[in-house]
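*Asks:* Following this message is one structure expressed as structure tokens.
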Amino acid sequence: MKMISRKTGLVILALSIVLQSRLFSGEAGQNGMAFLKVDVDARAAGMAGAYSAVGENSSATYWNPAALALADNKSLVVMHHQSIADITQQFAAVQIRTGEHALALSFNLMTNPNIEIREEASSEPIGITEAINFSSGISYAHSFKGDWHVGITVKYLFEKYYLKSAGGWALDLGTRKSLSEALSWGFVIQNLGAMAKLDKESTPLPLMFRTGVAYRAPFEIIGNKPLLSTDIQYINKEQFLVRAGSQVDLGEYIAVRLGGIFGELETHFTTGLSLKYKSYSLDYAFVPYESIFGNSHRVSFAMFF
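Just so you know, we're using our numbering here: the sequence shown kicks off at 300 and counts up by one.
Printed below as a string of structure tokens:
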């Protein structure tokens, strides 16, 4: 096989970063590590990611670590995300301690396989490579008087494109306030940190700010009060997004979700379904894309113990 040049590798690296940034943010911007912007947990994704004030299981490690302090039970969440262009994402989080000092662990992996390597225009590639993005984190949350909760997630980050790889560290900081029995507010800063150099330059992290409210409606649908939520999100040097989501429980075992994302170029609405039994939940989220790359499907399983 013909040797793959260093120059080719750098071109592929750049194209892979731009592709993922474009697909997952609507604008390529000046940030890398695009997988850090991708919604985790099918329940949250079905509600368009309007989740900074919700966080009802261990996926709060991503959405707002402060919400871990509200958990009455420990929980485990695992998710598989089949995204566009053969990109896949795996996420898992487990809350290992509840109460005043809550603790949780999380893992997030995204792979972009089958990236064809070419030195020039040709019908056949000279090789195949893949892009790998990974994070693992530990989260801590604490409750204060007055229904205030704060949380932090410390994350180790890793990226690999072609022959180059780099690590890094980042923090997520969150707070959550119960304004009433039906209304809560959340605020979170995500991805405060830096990566080591990948070849000659460090990949800039997508610094994000989210704030939102969650409201349990005063009326009932089939005997249950709908959950309504909305978030305002700012991705540094990229875009503002407004996210709105809803969940309606259809009896004891089924819930349906619907959401909208405003300001995004690729995705505009989301939908989801949940099947619940005792302490278990199986969730699905469907997110269509405007581009020709296809649609996004998430399946997650949650268990409370």
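Cβ coordinates follow ideal geometry from the N, Cα and C atoms, glycine included.
Predicted model, so just to flag it, every value in this text is computed and none were measured.
List the whole-angstrom C-beta distance separating S573 from D582, where the pair is believed to meet the contact cut-off of C-beta under 8 Å.
*Replies:* Here the question's residue 573 lines up with position 274 in the sequence shown. Here the question's residue 582 lines up with position 283 in the sequence shown. 5 Å between Cβ atoms; contact.
*Asks:* Return the CA-CA distance between G593 and P503, expressed in angstroms with no decimal places.
*Replies:* Stepping through the sequence shown from its first residue, residue 593 is reached at position 294. Stepping through the sequence shown from its first residue, residue 503 is reached at position 204. Answer to the nearest angstrom: the Cα atoms are 28 Å apart.
*Asks:* If you follow the beta strand (DSSP E) that A352 is in, where does it begin and where does it stop?
*Replies:* Translated into positions along the sequence shown, residue 352 becomes position 53. Looking at the DSSP string, A352 is not in any beta strand (DSSP E), and its letter there is neither H nor E.
*Asks:* For a test of the three-state rule: what should DSSP assign to Y583, helix, strand or coil?
*Replies:* If you number the sequence shown from 1, residue 583 lands on position 284. The answer is strand: DSSP assigns Y583 an E or B state.
*Asks:* What is the DSSP secondary structure of F390, reduced to helix, strand or coil?
*Replies:* Locating residue 390 in the sequence shown gives position 91, where the first residue counts as 1. The answer is strand: DSSP assigns F390 an E or B state.
*Asks:* Take the Cβ of P505 as the centre, count every other Cβ of all protein chains shown within 10 Å, and call the residue buried at 16 or more, exposed below.
*Replies:* Sequence index remark: in the sequence shown, residue 505 carries index 206 (1-based). Buried, since its Cβ has 16 or more Cβ neighbours within 10 Å.
*Asks:* DSSP three-state label for G345, please.
*Replies:* The residue you call residue 345 lines up with position 46 of the sequence shown. Helix at G345.
*Asks:* Distance check for Y576 and K536, CA to CA, integer angstroms please.
*Replies:* The residue given as residue 536 occupies position 237 in the sequence shown. The residue given as residue 576 occupies position 277 in the sequence shown. Their Cα atoms are separated by approximately 43 Å.
*Asks:* Nearest CA to the CA of V412: which residue from S405, N432, L402, E423?
*Replies:* Counting from 1 along the sequence shown, the entry for residue 412 is found at position 113. First, the residue type needs correcting, since residue 412 is Pro and not Val in the sequence shown. It is N432.
*Asks:* With a CB to CB cut of under 6 Å and the five nearest residues on each side skipped, what residues in its chain are close to V487?
*Replies:* Against the sequence shown, residue 487 aligns to sequence position 188. Cβ within range, chain order: S351, N363, G473, R509.
*Asks:* Work out the CA separation of E429 and Y460 for me, nearest whole Å.
*Replies:* Here residue 460 refers to the residue found at position 161 when the sequence shown is read from its first residue. Here residue 429 refers to the residue found at position 130 when the sequence shown is read from its first residue. The straight-line gap from Cα to Cα measures roughly 7 Å.
*Asks:* Does DSSP classify P412 as helix, strand or coil?
*Replies:* For the purposes of this step, residue 412 is taken as the residue at position 113 of the sequence shown. P412: strand per DSSP, three-state reduction.
*Asks:* Quick one: residues in its chain with C-beta nearer than 6 Å to the C-beta of D498, no 5 flanking neighbours on either side, listed in chain order?
*Replies:* Against the sequence shown, residue 498 aligns to sequence position 199. Cβ neighbours of D498 beyond the five flanking positions: K463.
*Asks:* For I395, does the three-state DSSP call read helix, strand or coil?
*Replies:* Position 96 of the sequence shown holds residue 395. If DSSP states are grouped into helix, strand and coil, I395 belongs with the strands.
*Asks:* Starting from Y576 and walking both ways along the beta strand (DSSP E), at which residues does that stretch end?
*Replies:* Working through the sequence shown from its first residue, we reach residue 576 at position 277. Here the beta strand (DSSP E) through Y576 covers 568-576.
*Asks:* Based on Cα-Cα distance, which residue from P525, W484, A344 lies nearest to D548?
*Replies:* Here residue 548 refers to the residue found at position 249 when the sequence shown is read from its first residue. It is P525 whose Cα lies nearest to the Cα of D548.
*Asks:* Excluding the 5 residues flanking Y533 on each side, which residues of the same chain have their C-beta closer than 6 Å to its C-beta?
*Replies:* Within the sequence shown, the letter at position 234 stands for residue 533. Taken in chain order, the residues that qualify are F508, F539.
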